[in-house]
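Below is one structure, written out as structure tokens; the observations come after it.
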Amino acid sequence: MSQNKYYITAPIYYVNDKPHIGSAYTTIAADVVARLRRFSGDEVYFLTGTAEHGTKIAESAEKAGKEVRVFADENAAKFSLTWDHLGIAPDDFIRTTEDRHAQAVEKFFLKLKSSGKVYEADYEGLYCIGCESFKKETELTPEGLCPLHNKKPELVKERNWFFKLSEYQEILKDKIEADEIKIEPFVRKNEVLGFINQGLEDIAISRRTAKFALPLPWDKEQTIYVWLDELFNYCTAVGYGADEENFKKFWPADAHLVGKDIIKFHAVIWPALLLAIGEQPPKKIVAHGFFTVGGQKMSKTLGNVIDPNDWVDKYGADAVRYFVLREVPFGQDGDVSEDKLKVRYNSDLANGLGNLFSRLTNMIEKYLGGEIAEIEKSAKRAEIEDALTLTDNFKFNIALEKIWEVIAWANQTIDKEKPWELAGKDDAKLKSLLNDLAAVLQDIAFGLAPYMPETAEKIRAGLSAEKITKAEPLFPHIE
Numbered sequence: 001m002s003q004n005k006y007y008i009t010a011p012i013y014y015v016n017d018k019p020h021i022g023s024a025y026t027t028i029a030a031d032v033v034a035r036l037r038r039f040s041g042d043e044v045y046f047l048t049g050t051a052e053h054g055t056k057i058a059e060s061a062e063k064a065g066k067e068v069r070v071f072a073d074e075n076a077a078k079f080s081l082t083w084d085h086l087g088i089a090p091d092d093f094i095r096t097t098e099d100r101h102a103q104a105v106e107k108f109f110l111k112l113k114s115s116g117k118v119y120e121a122d123y124e125g126l127y128c129i130g131c132e133s134f135k136k137e138t139e140l141t142p143e144g145l146c147p148l149h150n151k152k153p154e155l156v157k158e159r160n161w162f163f164k165l166s167e168y169q170e171i172l173k174d175k176i177e178a179d180e181i182k183i184e185p186f187v188r189k190n191e192v193l194g195f196i197n198q199g200l201e202d203i204a205i206s207r208r209t210a211k212f213a214l215p216l217p218w219d220k221e222q223t224i225y226v227w228l229d230e231l232f233n234y235c236t237a238v239g240y241g242a243d244e245e246n247f248k249k250f251w252p253a254d255a256h257l258v259g260k261d262i263i264k265f266h267a268v269i270w271p272a273l274l275l276a277i278g279e280q281p282p283k284k285i286v287a288h289g290f291f292t293v294g295g296q297k298m299s300k301t302l303g304n305v306i307d308p309n310d311w312v313d314k315y316g317a318d319a320v321r322y323f324v325l326r327e328v329p330f331g332q333d334g335d336v337s338e339d340k341l342k343v344r345y346n347s348d349l350a351n352g353l354g355n356l357f358s359r360l361t362n363m364i365e366k367y368l369g370g371e372i373a374e375i376e377k378s379a380k381r382a383e384i385e386d387a388l389t390l391t392d393n394f395k396f397n398i399a400l401e402k403i404w405e406v407i408a409w410a411n412q413t414i415d416k417e418k419p420w421e422l423a424g425k426d427d428a429k430l431k432s433l434l435n436d437l438a439a440v441l442q443d444i445a446f447g448l449a450p451y452m453p454e455t456a457e458k459i460r461a462g463l464s465a466e467k468i469t470k471a472e473p474l475f476p477h478i479e
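Heads up: the sequence shown begins at 1 in full-length UniProt numbering, then just goes up one per residue.
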């Protein structure tokens, strides 16, 4: 699994909104893989951040009665604090309004211009401010609305600069089919190939009318199309144009984690732009699905948008991290709710893992005087390592299911062997049994460390104490 360096990215999030459970989901997933890779000895760079340019940011700031940079500062801080609250530890939190990003984007666009792959032309198209992207009529609802924002795109007519995306149709198709650019899950790979096979059209890379955007270096009357500015954050963060040694070390990215709604930007436009300037495309793009809440799409209108901070305050960060990755297979759509979280919390965490830790430490204190032999790898270590391999392949729900099978086995073993009946009758067997179960629990903590870092550390600390005593409940039962 080790490959020396590993560069993983979560999306950067628009500051016209607050963090919600959907944005937390992707970022938790990236954090889990980053932690696993660090444990395996890789030099990891884990990136997330905020996207702060564009018309919708400017309009949101105006609506809030705030200067746009003040508005961006306040909301970027909300994302950073939320990730900290969830135990997410990125190596970098990039903001697209930073000077380092503006400088890197300028160098990138000048190189793109010198490649001969850009030209100026008149353009007319439908532009969705919410998506900050142009839409084809085939991408709209029968009523002509954006399916994501339920609003009619604006008809835009202006003279812009274009990128010759059409020239990259065959090379992109070949690289994706050969998994040189690996797209997961497979349904998204087929979706992207289907899009490419329809024929790629050249794309606008600038806007004349955009608010709060970076200027196009060679045409100050134009601003850079916000999506292209945002995509380049992945290169900025590892030193493009500023620290070439670091950039060469970490680029290309090993994995971009994105929502399925932005897969075409990441799997088609982004690789083509990189190829145009002589850089390698990302190795892997993993697209996740959408959450519904109680069967309904999350929306401010319905008032069902979930703030992950509320759940963390009530259930703890590790419980939220566990729930979102166990409940829904990464890559598929799924439904989440506080009721479902509570069920998982009580059954899996309180009654399963928490109960095992409490029972075992209690019996070690009671029957062994709080002392056990030096812990070795358990007979279940291979199953835990299989779970970590699944984790590395973004199969989080299956990995956690396998770890919980080991937890269930350990609890069932206690019920079957009845250590309390062995006490005073077969102390050698009792000691061997509890030592073996301690080794299994230690391996469970090893498997959970990327997912539930605080919990894993509590288990390790409890089992490595000079005198083991009955542990406080990891997850007190919630009514």
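Built from N, CA and C at the ideal position, the CB exists for glycine as well.
Contact belief for residue i with residue j at Cβ below 8 Å, rounded distance in angstroms
i	j	result
V258	P90	The pair is not a contact, with the Cβ atoms about 16 Å apart (cut-off 8 Å).
L214	V105	6 Å
I88	I28	6 Å
F357	L474	6 Å
I94	A237	5 Å
I57	A72	7 Å
P282	A253	4 Å
P308	L86	6 Å
D122	R159	5 Å
I375	Q442	5 Å
S378	V440	4 Å
H20	N233	Contact flag wrong, Cβ pair sits at about 21 Å.
S115	A276	5 Å
Y96	D229	Looking at the sequence provided, one finds Thr at residue 96 rather than Tyr. Indeed, because the Cβ distance is near 6 Å, the residues count as touching under 8 Å.
Cβ-Cβ distance between residue i and residue j below 8 Å
i	j	result
P185	G424	no
L165	I269	yes
P153	L126	yes
D335	G289	no
G354	W404	no
I205	F162	yes
T361	A267	no
E52	A76	yes
S347	V293	no
C235	F134	no
F265	W311	no
W189	I183	It should be pointed out that residue 189 corresponds to Lys in this sequence rather than to Trp. For K189 and I183, yes; Cβs fall inside 8 Å.
E191	V156	no
P476	A350	yes
V32	T391	yes
V44	Y13	no
M298	G22	yes
N16	D42	no
I181	K342	no
K103	G199	Looking at the sequence provided, one finds Gln at residue 103 rather than Lys. Result no, Cβ atoms of Q103 and G199 do not sit closer than 8 Å.
G54	F291	no
I263	A287	yes
T48	W83	yes
K18	K66	no
E167	L193	no
residue 480	K151	Within the shown structure, residues of the chain are numbered from 1 to 479, placing residue 480 beyond reach of any answer.
Beta bridge counterpart(s) of residue i as assigned by DSSP
i	result
F46	I8
N160	A121
T223	R207 and P215
E154	Y127
A387	None, per the DSSP bridge assignment.
A471	BP columns for A471 are empty, so no partner.
Y14	A51
A255	I8
is_contact[residue i, chain C] using C-beta, thresh 8 Å
i	result
F212	Within the model displayed, chain C is absent; a lone protein chain is all it includes.
Give a yes or no on contact between the stretch 385-400 and the stretch 453-471, applying the rule of three or more CB pairs nearer than 8 Å. no
Can at least three beta-carbon pairs, one atom from the stretch 356-376 and one from the stretch 421-434, be found at a separation below 8 Å? Flag = yes, the stretch 356-376 and the stretch 421-434 touch.
Which whole runs of the beta strand (DSSP E) in the stretch 164-219 are 3 residues long or more, in chain order? 182-184
Unbroken beta strand (DSSP E) runs of length 3 or more, entirely within the stretch 323-347: which are they? 334-336
Segment contact, 8 Å Cβ cut-off, at least three pairs: the stretch 441-450 with the stretch 375-393: yes
Which ranges does the alpha helix (DSSP H) cover as unbroken runs of at least 4 residues, wholly within the stretch 78-140, from first to last along the chain? 99-114
Taking 8 Å as the threshold, find out whether the stretch 270-280 comes into contact with the stretch 161-180 through three or more Cβ pairs. Taking a cut-off of 8 Å for Cβ pairs, the stretch 270-280 and the stretch 161-180 touch, as three or more such pairs fall below it.
Would you call the stretch 408-424 in contact with the stretch 309-327, where contact means no fewer than 3 C-beta pairs closer than 8 Å? no
Which whole runs of the alpha helix (DSSP H) in the stretch 257-309 are 4 residues long or more, in chain order? Whole alpha helix (DSSP H) segments, 4+ residues: 270-276.
Ranges of the beta strand (DSSP E) found wholly within the stretch 373-424, counting only runs of at least 3: none
Please specify which runs of the alpha helix (DSSP H), each continuous and at least 4 residues long, are wholly inside the stretch 435-471, giving them in chain order. 453-464
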